[in-house]
Amino acid sequence: MAQLKHLLFRLIVTALFLAVPILGVWTFVNADQMHVWFPEAVSSFGGEIDHLFSLILWMVGITFVATEVLLVLIILRYSRRDPSRSHYTHGSHVLEMVWTAVPALLLLFILFSQMGVWSEVKIAPPHEPSDPYSRENPLMRVYASQFDWRVRYPDEEGNFEGENVVESAYDIYVPVDTKVFFDLVSRDVLHSFYVPNFRLKQDAIPGMKVPVWFEAREVGDFDLICAELCGWGHYKMAGRVHVLPQDEYTAWLEGQREALYDNGSED
Amino acid sequence: MTTAAGTRPLGIDPPGTVHVSHDHHELGFLRKYIFSVDHKVIGIQFLFTGLVMLLWGGLMAMAIRWQLAFPWTQMPILGKVLFPETGGVTTPEGYTMLFTMHGTLMIFFVIIPLLTGTFGNYLIPLMIGAPDMAFPRLNMLGYWFWWPGILCIIMAMGAEGGGPAAGWTAYPPLSTIEAAAPGSMSGQTWWLLAVTFVGVSSMMGAVNYVTTIVKMRAPGMTLFRMPLSIWGLLIAALLQLFALPVLTAAGFMQLFDRVFDAGLFTPTDVVINNTNPETMGQAAGGSPLLWQHLFWFYSHPAVYIMVVPAMGFVSDIIATHARKPIFGYKPMVYSMSSIAGLGFIVWGHHMFTSGMNPNVGLVFMSATIMIALPSAIKVFNWLGTLFRSRIELNSAMLFALAFVSMFIIGGLSGIWMAATPVDMYIHDTYIIVAHFHYVVFAGSVMAIFGSLHHWFPKMFGRLMNETLGKIHFFGTFIFLNGIFYMMHQLGLAGLMRRTADPYAYETYAALQPMNQFISICAFCLLGWQVFFVFNFFHSMFFGKRVGRNPWKSCSLEWQAPSPPGHGNFDHQLEVHHGPYEYAVPGAAEDYVPQTQPSPQVG
Amino acid sequence: MSRNRYLALLGAWVCGLSSACHFERATPELHYSLNEKALADGSLLEDDPAGQVHLLGALELLFGTPSQPSYMVLPEWLDDDFDPTYLGQDSFSDEAWAELVERNREVFADQIAAIQAGDLEGVTKPRYCEDLWELWLGLLDDMPEEGPDGTYYEDDDGNPVTWKEEAVATFEGYYPTLAASAELYRQQCYHCHGASGGGDGSTSQYLNPRPRDYRYGTFKFTALNNKARPRHQDLMRVLEEGIYTTAMPSFRRFSDAQLSGLADYVRLLSIRGETEILMEADYDPDEGIHFDNLRENYELVVDRWRQAPEELIVYEGEVPHATPERIARGRDLYMRDNAANCVKCHGMTGRGDGESVKNDPESSTDDWGNKIVPRDLTTGVFRFGRRPIDLYRRIYAGINGTPMPAHYGMQIVDGEGVTRSLNEDDVWDLVFYARSLSVKEREVSLAQAPHGESHGEHEE
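Protein chains in written order, with the working numbering: chain L, 52 to 318; chain W, 0 to 601; chain A, 16 to 475.
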């Protein structure tokens with residue numbers, strides 16, 4: 052009876068620990084159905100970032116399942132009531148070498164696989180002479196303030212102060228399939244420019260212009276979210292990035308420049 | 000079952016025990032239990048205070064979860080206390096206060112004091128065979144320095160503007176300029192004072208631990224004969240010694256910014272809430288990024304302060320209850336040390352998207368990814384210890400096994416955060432929240448529960464109830480995974496932390512049911528702790544009495560009476576070998592205490 | 016410990032849990048209150064608690080409660096086909112309505128797709144739209160027996176409309192009820208603007224400038240002349256773009272219909288507040304409240320709002336462009352105390368640090384009793400739009416409730432020494448001078464964040 056109870060208890064404990072990898076994998080497999088998975092990636096580097104994520108996910112996932120299952124098997128097997136003593140050992144030099152070297156190699160592999168994309172996004176953006184915009188000649192400047200996103204498009208001379216500067220609240224319009232460079236500026240506290248669909252996040256720092264770029268590959272409207280605590284209204288600090296076809300974008304900008312001289316009859 | 004008077008308690012007294020109590024003059028109640036210099040009393044003082052703080056921090060978490068599950072509705076019970084003016088509906092500035100308080104309390108007032116304050120104080124002299132700490136009065140001062148910290152954090156929460164609102168990371172300018180947030184009024188100053196007091200308290204503890212461990216070991220107790228708990232505590236204390244001054248200095252800098260308008264973190268030409276600090280006569284020209292560097296230079300090592308001692312405790316629990324020597328004792332020590340060493344050069348991974356030079360990001364990524372290695376080595380060594388052992392599935396062991404299982408998750412998910420391009424997407428999302436809760440809650444708190452079950456007999460001379468312990472374990476394990484595992488998914492969907500009402504965003508609109516599930520798990524988790532509280536107090540007075548060594552453990556603390564009297568040991572100690580000599584072939588028992596010379600020990 | 020005691024503990028826990036599940040996720044009951052500031056400002060009603068209760072009751076008759084707000088509709092309004100709830104919809108052009116429908120299609124895309132696919136189970140409850148959900152449940156009950164494609168009703172031309180079409184149209188044509196808007200207001204606006212719209216919510220005390228108190232009917236930013244009440248479009252513009260550099264953010268993450276509903280609700284609060292103040296002013300300690308004036312006052316206030324659109328400032332003709340001559344003329348008008356005299360408040364350099372700020376406290380207080388400072392014109396930030404026509408309106412008609420006066424028609428001595436009234440052209444000159452003050456020095460002070468290497472060709 053006591054033995055049966057102990058067996059039952061061991062099985063319950065085993066099931067509990069085994070549930071972690073099983074349900075863990077299950078949630079990742081079914082995340083799509085539960086509507087909790089990556090939003091669609093639409094920037095040029097979004098796909099690469101997702102790819103790197105999945106690369107780590109596979110490596111980490113296999114390690115996770117293997118280690119957890121090993122742990123569960125060990126718990127099940129060695130929690131038997133056995134009158135004999137444990138195996139007396141203080142370790143094994145060979146094993147230590149193996150499980151230091153193998154993870155080290157895997158980690159180095161992960162490390163080197165990440166560097167390219169990081170460099171592309173933050174250090175040296177790909178640049179071709181035909182690109183209309185660059186760090187020195189940005190498409191726009193995004194101002195973050197408590198709790199507002201404003202974007203300014205420069206006048207024809209590239210000035211951000213002046214008569215023909217176009218300013219837009221909440222809505223940011225950019226052309227599709229173009230490397231969009233912009234400067235990120237904060238007027239007050241820290242904010243962060245985060246567009247989940249672009250896989251892009253960059254803090255805005257007061258007193259600094261932070262250069263950012265992305266290239267949207269699809270037309271559509273995407274949420275812009277503040278990702279750095281900026282005060283009580285942090286959750287209200289929303290924006291929307293509208294990716295337009297090139298000609299529509301040009302038409303929009305022209306329209307805005309004309310609308311600057313609106314006589315207000317439409318208001 | 001009750002122990003009849005006169006019956007010899009369970010457990011084995013070592014041979015040669017002198018059964019006479021030391022004759023020392025009786026201290027009054029105040030000197031004995033309140034202003035005590037005895038490391039055991041101080042440890043238990045830390046324990047009780049820490050558990051109360053744990054409840055407080057937990058209630059803050061419940062309030063956060065209510066808002067995320069049912070935004071802008073009346074919070075039952077808690078809401079009437081926290082937000083009486085709105086009838087129990089969270090206010091936006093109240094929400095910022097909630098997560099700031101939750102983070103601050105849990106890190107500075109619960110995990111660090113529980114691990115180093117409670118167990119550090121209680122275990123260090125006992126496990127190394129010392130009569131007390133090197134500086135008993137400093138030790139008492141360390142505990143009593145905690146109280147001004149507690150008072151300050153209470154003042155912070157009740158301050159005008161609804162308490163500190165800049166998160167536990169207190170990034171300026173939000174935290175330094177009063178106009179930036181209602182909570183940046185007096186609340187933030189109180190917060191800084193609280194963190195400083197707690198820091199000083201930890202510092203006093205750390206000085207004491209290091210000195211005691213280095214200078215007061217029993218004869219024969221070499222460094223490599225110390226239990227891993229002591230190694231973990233020593234490494235944590237060294238981390239505190241080197242990192243904490245930086246936080247204290249940074250805290251004073253922020254205090255100067257706030258009180259004397261020093262402008263160390265205030266950049267030029269910002270206008271906050273229509274107030275320009277410069278026209279108000281404040282200095283400017285500082286850098287907000289400077290704070291982030293200083294803060295994380297402490298707070299990343301702090302993460303290891305919160306997990307390295309737990310690793311040590313878990314190693315001891317596993318070895319004892321699996322009746323097997325630790326597999327790879329020295330690699331365990333080396334990996335803990337290298338975690339601590341590398342821990343000093345990885346702080347930048349909190350700042351990948353902060354606007355610091357991206358070239359530096361590459362360096363921090365390298366260090367951060369490599370820090371996964373010692374963690375992996377530790378996990379494999381625990382598995383090696385368990386392999387071919389005799390596992391006794393009692394509550395202490397279950398919590399220790401849960402620590403290993405959960406630490407695997409917390410460790411592995413950290414690799415995403417280390418990878419800079421991936422971090423650009425997941426930085427500050429719920430996947431980060433999941434990651435650090437797996438390390439700090441599912442890891443450290445589980446280790447604390449396990450350690451309490453393990454060392455409770457030493458502290459109070461009685462066992463904790465096994466059945467209640469197991470009930471407590473099962474519920475806690477299920478609910479914590481229900482809460483934190485699902486947060487990974489939320490993070491992958493891009494959900495930002497610290498967002499009071501995310502569902503108005505199209506990206507987040509579908510996430511509310513998941514958040515409701517998490518919240519219900521969270522309420523259940525808190526409710527389930529009833530079993531722990533009942534067990535803890537019931538066992539303290541009515542638990543089964545035990546003798547010195549109920550677990551048949553090798554390490555020194557079990558040679559002292561339970562609970563140990565003043566001066567700890569009633570017989571002379573001499574250490575002959577390491578602390579994990581279980582299942583020694585040819586030995587009479589399946590364990591050989593450290594004090595017992597044995598030809599069979601290899 | 017016996018096994019029974021474990022069971023008892025476990026049982027108690029389960030009971031506790033199940034009772035916890037029955038916690039009502041209630042929304043708190045809000046109440047309209049009287050305008051304390053207006054009472055304190057000399058109304059004798061302050062000392063008459065019974066009278067206050069009577070007035071609250073009368074106002075509730077007219078405007079309902081925060082959970083059930085509604086207007087009392089006067090008989091002649093019925094004849095007129097006028098509903099104060101949708102005051103704004105009179106000005107809803109077909110275009111604006113089409114835009115609203117388009118936005119609804121976007122917002123309810125999932126629901127509409129599910130209906131069209133026939134997956135009625137898949138129609139999820141949209142957040143913030145309780146009223147729509149009730150409509151939908153009603154539709155589900157009304158589904159004809161022959162299924163969603165069966166005839167639901169016939170339209171005016173006798174064409175059959177299927178249930179499915181009707182369901183889609185319900186989502187597309189969603190316009191919130193006042194009660195639904197009041198609930199959205201409670202969630203998004205209440206913590207600053209307060210239950211009665213007094214700008215006294217819990218967060219308000221920390222904000223600079225303070226949130227608007229709607230109860231005086233004075234709104235700073237409109238496109239209108241003569242301090243008229245704002246039009247629906249003016250309120251909508253504030254909701255859509257926010258007021259830059261204040262705590263009022265853009266609320267475009269909600270749909271046009273929802274914002275329109277919010278504007279409707281704000282109008283109700285404002286009309287209620289104005290009516291209340293008129294009633295308080297009428298109070299006589301001997302005779303009590305003049306309830307016979309209630310209807311008259313109510314009509315008076317609603318009429319003010321109805322007439323607002325007539326006051327729109329439109330510049331007839333082409334908006335001029337900035338020229339150095341205009342800017343020079345504008346500067347002249349700005350600087351002289353016998354001209355526009357902007358310098359008095361906005362200062363020599365336009366930083367909002369003129370003499371009056373130092374010497375005359377009156378000029379730094381707005382109608383709501385809050386301290387304000389003149390705009391710093393050098394920041395390039397203009398709270399309600401930076402188009403020339405926006406600034407034109409600011410200068411032409413002033414800013415309601417603030418010391419900024421209407422300049423159009425003001426007696427000035429012009430550059431040639433002729434005394435005349437300030438005309439439209441002068442306003443433009445001032446506009447272009449003000450805009451020219453947005454200095455570039457702020458650009459210079461921005462440091463370039465480190466960003467690794469730059470392109471090869473730019474490296475020296």
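Cβ coordinates follow ideal geometry from the N, Cα and C atoms, glycine included.
- By a beta-carbon distance limit of 8 Å, proline 191 (chain A) contacts glycine 276 (chain A). Their separation comes to about 4 Å.
- For glutamine 488 (chain W), the enclosing alpha helix (DSSP H) starts and ends at 465 to 491.
- In this structure, the alpha-carbon of glutamate 309 (chain L) lies about 42 Å from that of threonine 90 (chain W).
- For histidine 452 (chain W) and leucine 24 (chain A), the gap between their C-alpha atoms comes out near 20 Å.
- If the five residues before and after proline 72 (chain L) are omitted, its C-beta is found closer than 7 Å to the C-beta atoms of Phe115, Val116, Glu119 and Val120, all from its own chain and listed in chain order.
- Residue burial is scored here from C-beta neighbours: lysine 386 (chain A) has fewer than 16 other C-beta atoms within 10 angstroms and is therefore classed as exposed.
- Distances from the CA of leucine 237 (chain W) to each of W:Gly166, W:Gly468, W:Gly410 and W:Val209 were compared; the closest alpha carbon is that of W:Val209.
- Taken in chain order, the stretch 188 to 269 of chain W contains no complete beta strand (DSSP E) segment of 3 residues or longer.
- Annotation: leucine 392 (chain W) to glycine 542 (chain W) spans about 19 Å, alpha carbon to alpha carbon.
- Flagged as an interface residue toward chain L: tyrosine 259 (chain A), by a C-beta distance shorter than 8 Å.
- In chain W, no part has a C-beta under 9 Å from the C-beta of tryptophan 92 (chain A); the shortest such distance is about 34 Å.
- When the beta-carbon positions are compared, glycine 284 (chain W) and threonine 267 (chain W) come within less than 8 Å of each other.
- Close to asparagine 223 (chain A), with beta-carbon spacing below 7 Å, are these residues of chain W in chain order: Ala178, Asn272, Asn273 and Thr274.
- Taking 9 Å as the upper bound on Cβ-Cβ separation, chain L lies near residues Arg402, Pro403, Ile404, Asp405, Tyr407 and Arg408 of the stretch 402 to 435 of chain A.
- Think of a sphere of 8 Å around the beta carbon of aspartate 239 (chain L): the chain W residues whose beta carbon falls inside it are Pro172, Ala179, Val269, Val270, Ile271 and Asn272, in chain order.
- Taking the beta carbon of asparagine 81 (chain L) as reference, no residue of chain A falls within 8 Å; the closest one sits roughly 17 Å away.
- For alanine 337 (chain A), there is no enclosing alpha helix (DSSP H), as DSSP marks it with neither H nor E.
- When DSSP states are grouped into helix, strand and coil, serine 143 (chain L) belongs to the coil group.
- Counting other Cβ atoms within 10 Å of its Cβ, aspartate 170 (chain A) stays below 16 and is therefore classed as exposed.
- Under DSSP, phenylalanine 273 (chain L) shares a beta bridge with L:Val292.
- Counting C-beta atoms within 10 angstroms of its own C-beta, threonine 95 (chain W) has 16 or more neighbours from the protein chains shown and is therefore classed as buried.
- A straight line joining the alpha-carbon of leucine 45 (chain A) with that of serine 82 (chain A) spans about 7 Å.
- Distances from the CA of glutamate 314 (chain A) to each of A:Tyr231, A:Met87 and A:Met419 were compared; the closest alpha carbon is that of A:Met87.
- Within the stretch 225 to 281 of chain L, the runs of beta strand (DSSP E) that reach at least 3 residues and sit entirely inside it are, in chain order, 230 to 237, 242 to 246, 251 to 255, 259 to 266 and 271 to 277.
- By the neighbour-count criterion, in which a residue is buried when 16 or more other Cβ atoms sit within 10 angstroms of its Cβ, valine 168 (chain L) is buried.
- When 8 Å is used as the limit between beta carbons, arginine 142 (chain A) is near these residues of chain W: Tyr502, Ala503, Ala508 and Gln511, in chain order.
- Ranked by Cα distance from glycine 384 (chain A), the options A:Gly214, A:Pro324, A:Glu110 and A:Thr237 are led by A:Gly214.
- The count of Cβ pairs closer than 8 Å, one atom from the stretch 474 to 493 of chain W and one from the stretch 425 to 433 of chain W, reaches three, so the stretches are in contact.
- Relative to threonine 393 (chain A), the option among A:Cys360, A:Leu348 and A:Thr364 whose CA is nearest is A:Thr364.
- Within a 10 Å sphere around the beta-carbon of glutamate 291 (chain A) sit 16 or more other beta-carbons, which makes this residue buried.
- Contact check between the stretch 265 to 285 of chain A and the stretch 48 to 56 of chain A: fewer than three CB pairs, one atom from each, fall below 8 Å, which does not count as touching.
- In the DSSP assignment, tryptophan 200 (chain L) is bridged to L:Ala195.
- Judged by DSSP secondary structure, isoleucine 427 (chain A) falls outside any alpha helix (DSSP H) and instead within the beta strand (DSSP E) spanning 426 to 428.
- The Cβ atoms of glycine 284 (chain L) and proline 224 (chain A) lie no closer than 8 Å to each other.
- At least one CB of chain W lies nearer than 8 Å to the CB of glutamine 165 (chain L).
- With a cutoff of 8 Å on beta-carbon distance, alanine 355 (chain A) and tyrosine 280 (chain A) are scored as not near each other.
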